[in-house]
Every structure is written in structure tokens, then in C-alpha cells.
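K.L.:
Handing you a structure now.
Numbering (my numbering), first residue to last: 76 to 677.
Here it is in C-alpha cells:
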């Protein structure tokens, strides 16, 4: 059962606003660098202005006026204007570092500070996140910010040069050119906040589905053992649907962005051509018309296209990445898991037997319509904090009872309830943990194996668990939590200890041990069961030694459909089968399989 602290931000506090709020002081502190960058960009303004204006003058004052020399001179002026822009590029890139490098350095410092503070008060997850921020995400932010500055600077001074040139040719040109530019720009800017939100949602959905797929591939045995296939399929379908919905929403806003690009880049030249007769009748010269087309097709349209493309791709990633840096990690003080905390001993068991965690009401189960029932109208209530042992000879129905109680088998009659509600496969992982005799251990670190059911468990909690359950000897043998675990080099008892440790960290409301301690020696089994009995959840143990039954609050004796439940003392007086089992078990405990590791292969 995963526990964590989820901070809820105000709905109106979007990622774009959070990033803009922190960007303002950063930019104010670098006003000088921005002004120097603008100074070099004035050369690009001059190039754009002279490009269209030179073409207009070459036609009106030169070629159309019968003076080819004048026309060539104006074309030469427009061509020579390109040379200073080459010099401007060198100056711009020199000043660009004054804006880009401080951003990267600040992000790295923030990530390192977060990792250091997190290492003192939180689990290792924070350092993993900070490592990605220092190495990968800071470089994404650096490259995205550099591209955005270059593109935005070019657009501002190119657009200013083009608008100034249009105004110099004829103020009437602005009446036709500016409305679609303003409309398209407004439409595009309006897509920025929702596009950033949709892109973040899509990335989150994609990451969630990828993480689920990875966990699913490593959990096939557990899914089959716990009977949670339906729940797993439902979770997979929900994650896939969420990813599909996020991608469709992103695609819809992308379509709006395409419309904005068309309005800005395609409409102004089209409207200019449609309005050419009116403009020529109102004083615009033919050279001015060609010059206006030059401004629109050679300057404004490419600048608008580059800006919108940059904002739509790198700009969106930049906002998402920067928002991850502005998003502080949740404080550790609010972790709502006191039962699993290592700062204090586990709370005492809840003696309130009237608070049922699991109930069987007149439950009947048979393996076929004509087969004799294994369970026959069995009613049983397991309360919070209760320790129930289940005993009986081989074939008496103990495993069937466990399967029905855990929800992996459906009864043929009666009802199974968890926490007062009908048991559903969708609720299984949040209510109970079932540990079978054959423990599941995968190749990976010891920490990953122990945190399998609770990924947010802290190292302090793992250490307390190891001391309580008895995993400390295995931890000492392996050397550390980060030691690699090879399941083939662990004994059966050690595998059971790993499974018991992960169940203890999960601390479910209902824990069912189906001979999950059968490969431990009596002392190790006692230690583990007492640790689980101290947790607030209910504990059901299929006992294979009399000691397990004696430690329980109540014991259920099964002999096929015949059952009898009571305290160990009561059963010694009233149950002949329990007395027989006690007599058989006593000598056998000397021959239990210990949890020692297998000998190393030669």
C-alpha cells in the first residue's frame, strides 16, 4: 500500500504562472545583459528595414522611373545591409551567455540544495530526482532558454523593422497587415497555458503507464498468486485511457496552434494581394506593394513561424522542466503513516473485536457443482488487531479458506466482506496482503525487494522492520540495502524473510500468512509473528507448528466442512482434533528447516 504526501496547489496557479513568477526577479537582475543584447540586435532591425525599403525604392525611383543605375544602387544598399547582421550574430552570441549560464547554474544549485536537505530528512527518492535535474533537466532548460532568447530577440527586432518599413511605405498597409498578425498572435498566446498543462498531463500519463508496465512485468507471479488479474487489467485500461485522453487533448490544442500559424503567416500576404487595387488607388506605389510583400514573405512570416515553433516545442518543455525545479518536494513531517514509522514503536493492537476487517457469512465453497463442499456455511469474523490461527490436517480446507478470505476464490454461497463492504477484486491491494509458502523475490537490490509493496518506505522504517521481523541477519550478510539480490543464492527461509519484511512495511489492514513462515526455525517464526501481531491490522496465520496456534488470540480448527473456533485453552478442553494436532506437532518442531543460506557453489 503506497502512502505519500500529495500537495494540492490552487487550480489557478498554473505552471506558466509559477515559472513567470520566479522569472521576473531573474530577468530584473540581468537588465544590463538584456540591454546589451538589444543593442546588437538593432543591426538586425536595420537589415530588415532596408531589405524591403530598398526593393521598393529600386522599383519606384529606379527601374520603373527609367533609371536602372538608381535601381541597382538601392538593391546594393539592401544587399550590403546583410553584412552588419553577420557582425551582430557574433555580438549576440557573446551576450547570450550572460543570460543562459546563470540560469543553468542557479538550477543546479537549487537541485543540489534540495538533494542535500532531502538526504537529511527524506528517503533516497529525492536524490534520484535531483540527479536527473542536475544532469539532464538543467541542460534541457539551458538549451531551451537559449533557443527561446535567440528566437524571441530575432522576432522582436525583425517585426519592428518590418512594421517600420511598412509604415514608411504607406500607413494604409498596416490596416491590412496588422489585424491578422495581432489576431493570430493572440490566438497563439492563448494556447500557451493550456498547451503547457496538456503537455505536462501527457508526460505524466506516459510516465505513469510506463511505470505501471514495468511493475506489471515484474509482478506476474504475484498477480497470479493474489488473483488480482481483473484489477490489474482495469488499472492498465484506466492508465491507457488517461494517456489517450491526454494525447487527444494535446492534439486538439495543437490544431488550434496550426490555425494561429496560418492566420499569422498566410493571411497577411493574401489580404495584401486582395487589397492591392484599393491600396494603389489610395497612393501606394507599385514598388511599395512589392516592398510590402518582401517584408511579409521574407521577414515577418519566417520570424513568426520560428517564434511559434519555438514556443510550441522547446518553450513547452522549458516551462514543464522549470516548473519541476520550482516545485518543492513535499515536507516529510506530514507523512501519514504512524503505524509504519520508525520514530516510535508500533501502536498497540486494537482490542475492539467489534470492528471487523474481514467477515465470512454463511460461506460455502465446493470445487464443482457435484463435489462435496470444502467450506459449508462457515461464518467467521476477524477484527482489527486480532491474531487468528488456522490449523487442521492436510486437505482439511485451510488453503481454500485463505483463498476465499483473500478474495482469490469466489464462494459458491454466502458473502465475504472487507471492512463491512462486499469483497471486490478492485479493493484487494488496499485491504489485504496474502503471503503464500513460496515467497516471491526478484533480481534487484534488497531495498527494491523490501519496498515492493510500499515504494515510499524510508530507510529508517526499513531498519526498524529488519529489527522487528528478523531481516537484520540477512541485511548484515548482504552488506547493505543496495546489495544485489540473486534469488537463486537465497535459501527458502531467507526468501520468506524478504516477503515478510515487505508485508510488514505495507502494514495492511488484513495480513494472511499461508504457511509463509514454514522455512523459518521456531525462534525466527516467533519473532516474525510477534512483530506482525503488534501492528494494528488483523493477522491470519495458517499454522504448521503448535507455537503459532498458541500465540494466537483465537484458533480455527478445520476438518473439512466441520470447524471449531476458540482460544487455545478452550480448544485443548473441547477439541479432540486440536489435542491430536498438538501432540503430533510437539516433536516435529525439532526438525524444522532453518533459514540459513545455501552453501556457495564451488
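All residues carry an ideal CB built from backbone N, CA and C; glycine is no exception.
1) Mapping DSSP to helix, strand and coil, what is residue 631?
2) If I measure Cβ to Cβ from residue 87 and keep anything under 7 Å in the same chain, skipping five residues before and after, which residues do I get?
3) Assign residue 376 to one of two classes, buried (16 or more other C-beta atoms within 10 Å of its C-beta) or exposed (fewer than that).
4) Return yes when the Cβ of residue 457 is within less than 8 Å of the Cβ of residue 450, no when it is not.
5) Note down the Cα distance separating residue 439 from residue 640, rounded to an integer number of angstroms.
6) Near residue 283, which residues of its chain fall below 7 Å by C-beta distance, leaving aside the five closest residues on each side in sequence?
7) Identify, in the order they occur along the chain, each residue of the same chain with its Cβ nearer than 8 Å to the Cβ of residue 149, setting aside the five sequence neighbours on each side.
8) Please name the residue in 122, 277, 437 and 384 whose C-alpha comes closest to that of residue 222.
9) Tell me which residue opens and which closes the alpha helix (DSSP H) that residue 366 is part of.
10) Check whether the Cβ atoms of residue 580 and residue 540 sit closer than 8 Å, and answer yes or no.
11) Would you report the Cα separation of residue 104 and residue 578, rounded to the nearest angstrom?
12) Output yes or no for whether 8 Å exceeds the beta carbon distance between residue 320 and residue 266.
13) From the DSSP output, in three-state form, read off residue 462 for me.
14) Classify residue 543: buried if its beta carbon has 16 or more other beta carbons within 10 angstroms, exposed otherwise.
15) Quick one: residues in its chain with C-beta nearer than 6 Å to the C-beta of residue 532, no 5 flanking neighbours on either side, listed in chain order?
16) Flag this pair as yes or no: are the beta carbons of residue 236 and residue 123 separated by less than 8 Å?
17) Is residue 662 buried or exposed, if buried means 16 or more other CB atoms sit within 10 Å of its CB?
18) Taking its Cβ as the centre, do 16 or more other Cβ atoms sit within 10 Å of residue 154, making it buried, or is it exposed?
19) Less than 8 Å between the CB atoms is what I'm expecting for residue 562 and residue 570, so what's the real figure, rounded?
20) Would you grab the beta carbon distance between residue 480 and residue 433 for me? Rounded to a whole angstrom, and I think it's under 8 Å.
21) Is residue 305 buried or exposed, if buried means 16 or more other CB atoms sit within 10 Å of its CB?
22) In its own chain, which residues sit with a C-beta less than 7 Å from the C-beta of residue 638, not counting the 5 before and 5 after it?
23) Check residue 520 in the structure and name its three-state DSSP category.
24) I want to know whether the region 353 to 370 touches the region 244 to 255 - three or more CB-CB distances under 8 Å.
25) Please return the same chain residues whose Cβ sits closer than 6 Å to the Cβ of residue 166, not counting the five positions on each side in sequence.
26) Is the beta carbon of residue 233 less than 8 Å from the beta carbon of residue 119?
27) Between which residues of its own chain and residue 418 is the CB-CB distance below 8 Å, once the five residues before and five after are set aside?
28) Going by DSSP, which residues form a beta bridge with residue 493?
P.N.:
With the structure as the only source:
1) strand
2) Its pLDDT being 40, under 50, residue 87 is placed unreliably by the model, and nothing is read from it.
3) buried
4) no
5) 17 Å
6) 314
7) 129, 130, 132, 133, 136 and 137
8) 384
9) 361 to 369
10) yes
11) 53 Å
12) no
13) strand
14) buried
15) 526 and 580
16) yes
17) The pLDDT assigned to residue 662 is 48, lower than 50, so where the model puts this residue is not dependable; a value taken from the coordinates is nonetheless given after this. That one is exposed.
18) exposed
19) 7 Å
20) 6 Å
21) exposed
22) 453, 631 and 632
23) strand
24) yes
25) 115
26) yes
27) Unreliable placement is indicated for residue 418, whose pLDDT of 36 sits below 50; the coordinate value is still reported in the next sentence. Taken in chain order, the residues that qualify are 535.
28) 433 and 496
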